[in-house]
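> Shown below is the structure under consideration.
Here is the structure:
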């Protein structure tokens, strides 16, 4: 009877970190796609938050500037509403990001046939294999989400200053923007985890003999 080995969580983190280091450029490409998707999402949401703060100032000239800039002002509630077109574009960008992550992780599984086969031959449990991929995705998701939220928020802030001038800084809702950036970072992490689930399951169900037999 084959002896199964349950390795500690710290070992999983160590192996996941080493895997990212060895495949740094592939991980960087995957993370950059996440950065761009989260940055676009943050840019749209932060722009709407900022516009709502400016609208709440009650300044008629700012309201006219918002209308001229193309913001959809709800005449009934007096708030900025995201358009259906914006929501659809954001959804497509996030969906494209997930598809890209799945593709990259599947290629990573292919490259690591022998590594996975060796681990399973040594008695590693299926959940240990899944855990390694999940930890890798979490690290990439946190990094991509953080830098994406930072980039999107910065671009939105600079765009606001260019469009409305430095005088509107006092009306910018920093609390709402901070929450938006936090939610965007969480969204990036979740997207990374969703993208890795199928490849991780494929890797964990791989038979050791078949994995070791594959030529690299």
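Numbering (the working numbering), first residue to last: 2 to 217.
Each residue gets a CB set at the ideal place from its N, CA and C atoms; glycine is no exception.
(1) Could you check the C-alpha separation between residue 47 and residue 26 for me, to the nearest Å?
(2) Which whole-angstrom value describes the C-beta separation of residue 150 and residue 51, a residue pair presumed to lie in contact below a C-beta threshold of 8 Å?
(3) Quick check: the Cα distance between residue 206 and residue 35, rounded to an integer number of angstroms?
(4) Is the separation between the beta-carbon of residue 196 and that of residue 106 shorter than 8 Å?
(5) Is the number of C-beta pairs between the region 17-31 and the region 132-142 that are closer than 8 Å three or more?
(6) Leaving out five residues on either side along the sequence, give the residues of the same chain with a beta carbon under 7 Å from the beta carbon of residue 110.
(7) Around the C-beta of residue 85, are 16 or more other C-beta atoms found within 10 angstroms, so that it is buried, or is it exposed?
(8) Enumerate in chain order the residues of its own chain whose CB-to-CB distance from residue 117 is below 7 Å, with the five nearest sequence positions on each side excluded.
(9) For residue 39, tell me which candidate among 186, 93 and 168 has the shortest Cα-Cα distance.
Reading off the structure:
(1) 30 Å
(2) Wrong, their Cβ atoms sit about 15 Å apart, outside the cutoff.
(3) 27 Å
(4) yes
(5) yes
(6) 200, 203 and 204
(7) exposed
(8) 130, 204, 207 and 212
(9) 186
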